[in-house]
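K.L.:
First residue of the sequence shown? That's 472 in this note's numbering, and the numbers climb one at a time after it. All C-beta atoms in this analysis are idealised placements derived from N, C-alpha and C, irrespective of residue type, glycine included. The structure follows.
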Amino acid sequence: MKAFCDGGDLAEAVGRAIRAISTRSNNPILDNIRIEATEGTMVLTATDNELTVTTGIVADVSDGGVALVPGKLFSDFTRRLTGERIAMETAGSKLVLRYGDSESEFACAEPDDYPELTEVSTSGSISMTKNALRDLINKVAFSVRTDDVRPILKGVLFEIGESTVTAVALDGYRLAKCVKPLISATGEMKAVVPARCVNEIARLLDESDEEVRLYIGKGKVRADIGHTTITSVLYEGEFVAYRNIIRTSFDTQVTVAAQQLYDSLERALLLTRDDRSNPVRFDITERMLRITSASGRGNLDERLPVVTSGPDLTIAFNAKYFTELLRVCGADSVTIKLNSPADPCVVVPCGGEEEFLYLILPVRVA
472 MKAFCDGGDL
482 AEAVGRAIRA
492 ISTRSNNPIL
502 DNIRIEATEG
512 TMVLTATDNE
522 LTVTTGIVAD
532 VSDGGVALVP
542 GKLFSDFTRR
552 LTGERIAMET
562 AGSKLVLRYG
572 DSESEFACAE
582 PDDYPELTEV
592 STSGSISMTK
602 NALRDLINKV
612 AFSVRTDDVR
622 PILKGVLFEI
632 GESTVTAVAL
642 DGYRLAKCVK
652 PLISATGEMK
662 AVVPARCVNE
672 IARLLDESDE
682 EVRLYIGKGK
692 VRADIGHTTI
702 TSVLYEGEFV
712 AYRNIIRTSF
722 DTQVTVAAQQ
732 LYDSLERALL
742 LTRDDRSNPV
752 RFDITERMLR
762 ITSASGRGNL
772 DERLPVVTSG
782 PDLTIAFNAK
792 YFTELLRVCG
802 ADSVTIKLNS
812 PADPCVVVPC
822 GGEEEFLYLI
832 LPVRVA
């Protein structure tokens with residue numbers, strides 16, 4: 472292989488690809504990035520056999536070929552290069568980089584040892600704007616489970632209808648649901664996509680109205696975004712029947728300014744940091760929400776003006792769960808819907824056309 476490319480383009484491409492490399496891999500060959508030079512392009516691929524990132528850059532290729540370079544080392548190195556023109560050439564089992572009057576060599580693995588990657592069927596697909604998909608992911612992905620107790624809950628459920636897609640994530644303590652319009656869909660589908668995959672997709676999306684397409688095949692999903700393709704396996708099994716969890720009638724409702732509530736809970740979190748449940752108490756009375764917290768670090772007692780309906784209620788929540796939803800809800804005000812101190816509450820934004828819903832379980836406090 473012998474090719475020439477821009478150093479800045481190379482560093483950015485390596486930075487995109489390396490995010491597919493797992494820090495807990497048991498297969499050393501997967502610690503590498505595969506670089507293939509063909510006519511006019513250089514394609515970089517990295518995978519952990521679950522998530523795969525393939526990205527390309529423009530290159531002047533004299534001789535096509537493949538090199539398998541150590542991913543972390545190559546990423547750290549290329550980030551420290553300037554944007555000058557780079558010459559890349561294989562020499563036996565080494566990859567030589569020449570830049571300015573300097574050169575460096577990297578020991579390479581055998582390219583034939585790299586796993587062969589399978590294609591994703593394109594028979595099932597959806598398209599939507601980049602902005603809509605980015606917002607859909609950001610509004611739910613933070614609610615996935617992060618341990619392996621129930622692996623399917625480490626993913627986001629996509630329910631695809633004729634004109635909308637519903638995304639749902641939950642971890643056993645909270646649930647987030649968001650609905651966005653589609654440009655097109657090949658039919659009704661369901662898929663549970665790993666959170667790691669959807670978060671990588673969101674990282675590549677901007678806030679434009681350009682179209683982006685997701686392909687959902689048997690056991691896999693693929694997103695093509697610019698010169699980058701993200702592919703992932705899908706989680707197998709039945710997702711939680713989340714509709715059975717969400718109540719539709721409530722006795723008490725509280726409408727509050729989202730930023731005021733967020734600021735108050737952020738202050739409360741500073742005092743409850745040593746308690747894993749980050750408990751804060753909500754005392755709801757007519758036209759007032761009193762927020763209190765107490766710990767060995769100190770106490771907080773704040774009052775917010777609100778609009779209420781229904782009976783007074785005292786209930787406690789994990790403050791962290793509330794701040795995370797308020798950070799992404801995108802509304803000036805939210806309505807909190809409740810029944811009793813032991814029942815989950817539902818939070819919805821006030822106004823706006825999209826359907827965003829958040830459910831959170833209460834916590835017990837002395």
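1. For the putative contact between residue 683 and residue 673, defined by C-beta atoms under 8 Å, what is the C-beta separation to the nearest angstrom?
2. Quick check on DSSP: helix, strand or coil for residue 669?
3. If I'm right that residue 758 touches residue 727 with Cβ under 8 Å, what's the distance once you round it to whole angstroms?
4. Quick one: any contact between the stretch 789 to 802 and the stretch 826 to 834, if contact means 3 or more CB pairs under 8 Å?
5. For the alpha helix (DSSP H) holding residue 618, just list the boundary residues, first then last.
6. For a test of the three-state rule: what should DSSP assign to residue 695, helix, strand or coil?
7. Please identify the residue among 783, 607, 563, 485 whose C-alpha is closest to the C-alpha of residue 525.
8. Whose CA, out of 597, 522, 580, lies closest to the CA of residue 588?
9. Could you tell me whether the stretch 714 to 733 touches the stretch 604 to 619, using the rule of 3 or more Cβ pairs below 8 Å?
10. So for residue 628, helix, strand or coil by DSSP?
11. Is DSSP giving residue 635 helix, strand or coil here?
12. If we call anything under 8 Å between Cβ atoms a contact, is residue 783 one with residue 763?
13. For a test of the three-state rule: what should DSSP assign to residue 610, helix, strand or coil?
14. Quick test of your reading: residue 581 and residue 472, contact by CB under 8 Å. State the CB separation rounded to the nearest angstrom.
15. Under the rule that 16 or more other beta-carbon atoms within 10 Å means buried, what is residue 716, buried or exposed?
16. According to DSSP, which residues form a beta bridge with residue 559?
17. On the three-state DSSP scale, how would you describe residue 757?
18. Please report the Cβ distance between residue 817 and residue 752, rounded to the nearest whole angstrom; I am assuming they are in contact, meaning their Cβ atoms lie under 8 Å.
19. In this structure, how does DSSP classify residue 826 when only helix, strand and coil are distinguished?
20. Please return the same chain residues whose Cβ sits closer than 6 Å to the Cβ of residue 577, not counting the five positions on each side in sequence.
21. Once DSSP output is grouped into helix, strand and coil, what is the label at residue 657?
22. Does the stretch 649 to 659 come within contact of the stretch 589 to 605, defined as at least 3 CB pairs closer than 8 Å?
23. So, at 8 Å on beta carbons, what are the nonlocal neighbours of residue 586 in its own chain, with the 5 sequence-adjacent residues on each side left out?
24. Taking all protein chains shown into account, decide if residue 815 is buried (16 or more other Cβ within 10 angstroms of its Cβ) or exposed.
25. For the structure I just gave you, are there three or more beta carbon pairs, one from the stretch 659 to 666 and one from the stretch 624 to 637, closer than 8 Å?
26. DSSP puts residue 750 in a beta bridge; with which residues?
27. Sorted by chain position, which residues of the same chain lie with C-beta nearer than 6 Å to residue 739's C-beta, five sequence neighbours on each side aside?
28. When you compare each of 643, 633, 603 to residue 617 by their alpha carbons, which one comes out closest?
29. Please determine if the stretch 477 to 484 and the stretch 543 to 553 are in contact, where contact requires at least 3 C-beta pairs separated by less than 8 Å.
30. List the residues that DSSP assigns as beta-bridge partners of residue 514.
31. Could you say which of 648, 562, 768, 806 lies nearest to residue 536 if we only look at CA atoms?
32. Can you tell me which residues form a DSSP beta bridge with residue 861?
33. Considering only their Cβ atoms, is the gap separating residue 474 from residue 533 smaller than 8 Å?
34. Once DSSP output is grouped into helix, strand and coil, what is the label at residue 777?
35. Counting C-beta neighbours from all protein chains within 10 Å, is the total for residue 620 16 or more, i.e. buried, or is it exposed?
P.N.:
Working from what's here:
1. Wrong, their Cβ atoms sit about 11 Å apart, outside the cutoff.
2. helix
3. Actually they do not touch by this definition, with Cβ atoms about 11 Å apart.
4. yes
5. Element bounds for residue 618: n/a, residue is neither H nor E.
6. strand
7. 485
8. 522
9. no
10. strand
11. strand
12. no
13. helix
14. Not really, about 14 Å apart at Cβ, beyond 8 Å.
15. exposed
16. 474, 568
17. coil
18. Going by Cβ atoms, the distance from residue 817 to residue 752 rounds to 19 Å, so no, they are not a contact pair.
19. strand
20. 540, 566
21. coil
22. yes
23. 500, 501, 518, 520
24. buried
25. yes
26. 789
27. 751, 764, 771, 790
28. 643
29. yes
30. 507, 527
31. 562
32. The displayed coordinates of the chain run from 472 to 837. Any statement about residue 861 would go beyond what the structure contains.
33. yes
34. coil
35. exposed
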